[in-house]
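The numbering used here applies: residue 5 is where the sequence shown begins, and numbers increase by one. We treat Cβ as the ideally placed atom computed from N, Cα and C, and that holds for glycine. All figures in this text were calculated on a predicted structure; none of them were measured in a lab.
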Amino acid sequence: MTTVNLVMAATVGVLYGTGFTLLLSRSLMRVLIGVVVLGHGTNLLLQLAGGPPGRPPILGVVPPEEFTDPLPQALALTAIVITFALTTFLLALGYRSYVLVGHDEVQDDVEDRRIARQKAPSAPLEDGNGEEPS
């Protein structure tokens, strides 16, 4: 593995770590940024998996041994389209949440808190503001 590939592999790891960290937050905008960062990491990983650069895969111009593998490039284009679609969906979801609630913070569901209380009866049942519901 060359130094460039090692740096790219480390960059993929950093992008994946950052993306997953952002995905675990409660803000929809941070989740959106996490999805975008994961998409970039995936594209870089696919290009890294493609191997060293070679000649364009045009039959009859160069021997097949010198071809660049076109599959990782096709997969990267597909990943770009999927990331774009997911990004637009999350943008719409975050905007709608902001319009309805005034913020994009995802709070615990009442049913989730009820289930948590059944598992630990000593835990008080609270709403998102630290108060017991009436």
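Own chain, CB closer than 8 Å to residue i, minus 5 neighbours either side, in chain order
i          : result
residue 48 : 12, 15, 16, 19
residue 84 : 43, 47
Burial state of residue i, where buried means 16 or more other Cβ atoms lie within 10 Å
i           : result
residue 6   : exposed
residue 107 : exposed
residue 10  : exposed
residue 41  : buried
Cβ neighbours of residue i in the same chain (closer than 7 Å, five flanking residues each side left out)
i           : result
residue 76  : 50, 51, 53, 54
residue 110 : 30, 32
residue 45  : 16, 19, 20, 23
residue 74  : 61
Mind pulling the alpha helix (DSSP H) runs of 4 or more residues that sit fully within the stretch 58 to 115? 75 to 105
With a threshold of 8 Å, are at least 3 pairs of Cβ atoms found where one atom belongs to the stretch 26 to 41 and the other to the stretch 49 to 69? no
Are there three or more Cβ pairs, one per stretch, closer than 8 Å when the stretch 85 to 97 is compared with the stretch 5 to 23? no
Evaluate contact between the stretch 96 to 106 and the stretch 63 to 74, counting only Cβ atoms and requiring at least three cross-stretch pairs below 8 Å. no
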